[in-house]
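**Q**
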Amino acid sequence: MRALSTIHTALVAFMIIVTLPVAAQDAVPPAPYANVQLPDPAQEAKAEALMETLRCLKCQSQSIADSDASMAGDMRSQVRERIARGEDPEAIRAWLMERYGDYVSYAPRVSETTWPLFAVPLLLALVAGLVLLRRLRGRT
Amino acid sequence: MKRWTLWVPLTLFLGFCVLAGYQLTQPKDDFVVSRMIGKPLPDFDLHAASLDRPALASSYFHDGKPHLLNVFASWCIPCAAEAPQLEALRRRGADIAGIAIRDRPEDVADYLTRYGNPYSRIGSDDLSQVQLDIGSSGVPETFVIDGKGIIRYQHIGDIRPDDVPLMIGKLREAEQ
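Those sequence lines, one after another, are chains A and B. Our numbering puts the first residue of the first sequence at 1, with every later residue one more than the last. Our numbering puts the first residue of the second sequence at 1, with every later residue one more than the last.
#1: Any Cβ of chain B within less than 7 Å of the Cβ of A/Gly129?
#2: In chain order, which alpha helix (DSSP H) runs of at least 4 residues are fully inside the segment 41-69 of chain A?
#3: Chain B beta carbons: is any one of them nearer than 7 Å to that of A/Thr6?
#4: Check whether the Cβ atoms of B/His67 and B/Gly149 lie closer than 7 Å to each other.
#5: Mapping the DSSP letters down to three states, classify B/Phe44 as helix, strand or coil.
#6: Output yes if chain B places a C-beta closer than 7 Å to the C-beta of A/Gly138; else output no.
#7: May I ask you to report which of helix, strand or coil DSSP gives B/Leu14?
#8: Between the alpha carbons of A/Arg134 and A/Ser105, how many angstroms are there, rounded?
#9: Counting beta carbon pairs with one atom in the segment 19-29 of chain B and one in the segment 123-137 of chain B, are three or more of them shorter than 8 Å?
#10: Tell me, please, whether the CB atom of B/Val130 is closer than 7 Å to any CB atom in chain A?
#11: Unbroken beta strand (DSSP E) runs of length 3 or more, entirely within the segment 40-94 of chain B: which are they?
#12: Using a Cβ-Cβ cut-off of 8 Å (strictly less than) and excluding sequence neighbours within five positions of A/Glu81, which residues of its own chain qualify?
#13: If we define contact as Cβ-Cβ less than 7 Å, is B/Arg35 a contact residue for chain A?
#14: Taking the alpha carbon of B/Leu12 as the reference point, which residue from A/Thr9, A/Glu90 and A/Leu124 has its own alpha carbon closest?
#15: Return the first residue and the last residue of the beta strand (DSSP E) that B/Gln154 is part of.
#16: Can you find a C-beta in chain B that's less than 7 Å from the C-beta of A/Tyr33?
#17: Looking at chain B, is there any beta carbon in it that lies within less than 7 Å of the beta carbon of A/Tyr106?
#18: Check distances from the C-beta atoms of the segment 71-103 of chain A to those of chain B and list, in chain order, the residues that come in under 7 Å.
#19: What residues in the segment 86-116 of chain B have a beta carbon less than 9 Å from any beta carbon of chain A?
#20: Counting C-beta neighbours from all protein chains within 10 Å, is the total for B/Trp7 16 or more, i.e. buried, or is it exposed?
#21: Indicate whether the contact test is met: 3 or more Cβ pairs, each with one atom in the segment 46-55 of chain B and one in the segment 160-176 of chain B, closer than 8 Å.
#22: In the DSSP assignment, find the alpha helix (DSSP H) that holds B/Glu141 and state where it starts and stops.
#23: Between which two residues does the beta strand (DSSP E) containing A/Ala107 stretch?
#24: Say whether chain B places a C-beta atom closer than 7 Å to the C-beta of A/Val28.
#25: With a cut-off of 8 Å, do at least 3 Cβ pairs link the segment 87-96 of chain A to the segment 150-168 of chain B?
#26: Between the alpha carbons of A/Thr113 and A/Tyr103, how many angstroms are there, rounded?
#27: Out of A/Cys59, A/Ile64, A/Val36 and A/Asn35, state which residue places its alpha-carbon closest to the alpha-carbon of A/Ala49.
#28: Counting only C-beta atoms, is A/Leu126 closer than 7 Å to chain B at any point?
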């Protein structure tokens, strides 16, 4: 009987833990432009293109365009409102990168830490070219 | 071609394996650190998040004294877990200003009666605008702001009991 009640308690505790993430949702409605497109299709296209290359900070493998997290919704709304005000998409990206670093952007850029990513392929192509050239010369 | 050059590709490959193996054994780091540390707190003016505490504006942090800025939400479970530590910090003389993210006044009031109210002021950030502006990527996060309104330190995640002395230390540092 006691064992049964222990199992029961453990089960209840397990269910509470499993259902916790459901409780971690806010009750406030989404930001004005979180899920609403801009009236101007050209502006919306600009906003869309930018949102697809910005990382959701809460769900780090998704872009803010893909994420249902409320923070991603707030970021989408910010992006759309700034685009509607006439801000340049790259300026909005820069504004976010000033706060969160390169990490927030999915568009790679050459910097102190990323330059090998751009330099190594060029170097390898150069080496391959030189080897090929020597071989071809050696043959004739 | 000399003999030794034959070994170059294999050496490179082994070097790659060592690098990949090393990186795989490093612990995963999900924290996105704010780049705003060392920079002035951006201007904001938030309305009050609850009836029993005044609203919060960035001008509050220019009074010459260091403050803690705690980003929280009533719907956030780790925030409730860190409430006793915030209370401990308050008892040790820290002034804690709160920003409630995407919250309703009734929910904030309920949260404060349930878990305690260590805050001197609480602003309501309904669209996460201030949160984005200070480079915070989740709740809870706690910033140390010095008397000139410069962000000096960011604590990501809930403050555990062992973190309390660290936070007091950071506040002391911000006093100088």
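All C-beta atoms, glycine included, are put in the ideal place defined by N, C-alpha and C. What you are looking at is a predicted structure, and each value in this text was computed from that prediction instead of being measured.
**A** Let me lay it out:
#1: Counting from 1 along the first sequence, the entry for residue 129 of chain A is found at position 129. Judged by the 7 Å Cβ criterion, A/Gly129 is not in contact with chain B.
#2: 41-51
#3: Mapped onto the first sequence, residue 6 of chain A falls at position 6. It does not; no Cβ of chain B falls within 7 Å.
#4: The residue labelled residue 67 of chain B in the question sits at position 67 within the second sequence. The residue labelled residue 149 of chain B in the question sits at position 149 within the second sequence. The Cβ atoms of B/His67 and B/Gly149 lie no closer than 7 Å to each other.
#5: Within the second sequence, the letter at position 44 stands for residue 44 of chain B. Looking at B/Phe44 - three-state DSSP - the assignment turns out to be coil, as it is neither helix nor strand.
#6: For the purposes of this step, residue 138 of chain A is identified with residue 138 of the first sequence, where counting begins at 1. Taking Cβ atoms only, chain B never reaches closer than 7 Å to A/Gly138, which makes this a no.
#7: Taking the second sequence and counting its residues from 1, one reaches residue 14 of chain B at position 14. Of the three classes helix, strand and coil, the one that applies to B/Leu14 here is helix, per DSSP.
#8: Here residue 134 of chain A refers to the residue found at position 134 of the first sequence. Here residue 105 of chain A refers to the residue found at position 105 of the first sequence. Near 42 Å, if we compare the C-alpha coordinates of A/Ser105 and A/Arg134.
#9: no
#10: The residue given as residue 130 of chain B occupies position 130 in the second sequence. Judged by the 7 Å Cβ criterion, B/Val130 is not in contact with chain A.
#11: 45-48 and 67-72
#12: Translated into the one-based positions of the first sequence, residue 81 of chain A becomes position 81. Only Pro32 and Tyr33 meet the Cβ criterion.
#13: For the purposes of this step, residue 35 of chain B is taken as residue 35 along the second sequence, with counting starting at 1. So, interface residue.
#14: Residue 12 of chain B sits at position 12 when you count from the first residue of the second sequence. Looking at the Cα atoms, A/Leu124 is the closest of the given residues.
#15: In the second sequence, the residue the question calls residue 154 of chain B occupies position 154. Its beta strand (DSSP E) spans residues Ile151 to Ile156.
#16: In the first sequence, counting from the first residue as 1, residue 33 of chain A sits at position 33. Chain B, which has no Cβ nearer than 7 Å to the Cβ of A/Tyr33, makes this no.
#17: Numbered from its first residue, the first sequence carries residue 106 of chain A at position 106. With 7 Å as the cut-off, A/Tyr106 does not count as an interface residue toward chain B.
#18: Met71, Asp74, Met75, Ser77, Gln78, Glu98, Arg99, Tyr100, Gly101 and Tyr103
#19: Ile101, Arg102, Asp103, Arg104 and Asp107
#20: Position 7 of the second sequence, counting from 1, holds the residue named residue 7 of chain B. Around the beta carbon of B/Trp7, a 10 Å sphere encloses fewer than 16 other beta carbons of the protein chains shown; the residue is thus reported as exposed.
#21: The answer is no - the segment 160-176 of chain B does not touch the segment 46-55 of chain B, with fewer than three Cβ pairs under 8 Å.
#22: Here the question's residue 141 of chain B lines up with position 141 in the second sequence. Unbroken run through B/Glu141 is the beta strand (DSSP E), Glu141 to Ile145; no alpha helix (DSSP H).
#23: Position 107 of the first sequence holds residue 107 of chain A. Per DSSP, A/Ala107 belongs to no beta strand (DSSP E) and is neither H nor E.
#24: For the purposes of this step, residue 28 of chain A is identified with residue 28 of the first sequence, where counting begins at 1. At least one chain B Cβ lies under 7 Å of A/Val28.
#25: Contact between the segment 87-96 of chain A and the segment 150-168 of chain B is absent: fewer than three C-beta pairs spanning the two stretches fall below 8 Å.
#26: What you label residue 113 of chain A is simply residue 113 of the first sequence in a count that begins at 1. What you label residue 103 of chain A is simply residue 103 of the first sequence in a count that begins at 1. If I take the Cα positions, the gap works out to 12 Å.
#27: One-based indexing of the first sequence puts residue 49 of chain A at position 49. Ranking the options by Cα distance to A/Ala49, first place goes to A/Ile64.
#28: Residue 126 of chain A sits at position 126 when you count from the first residue of the first sequence. No, because no Cβ of chain B sits closer than 7 Å to the Cβ of A/Leu126.
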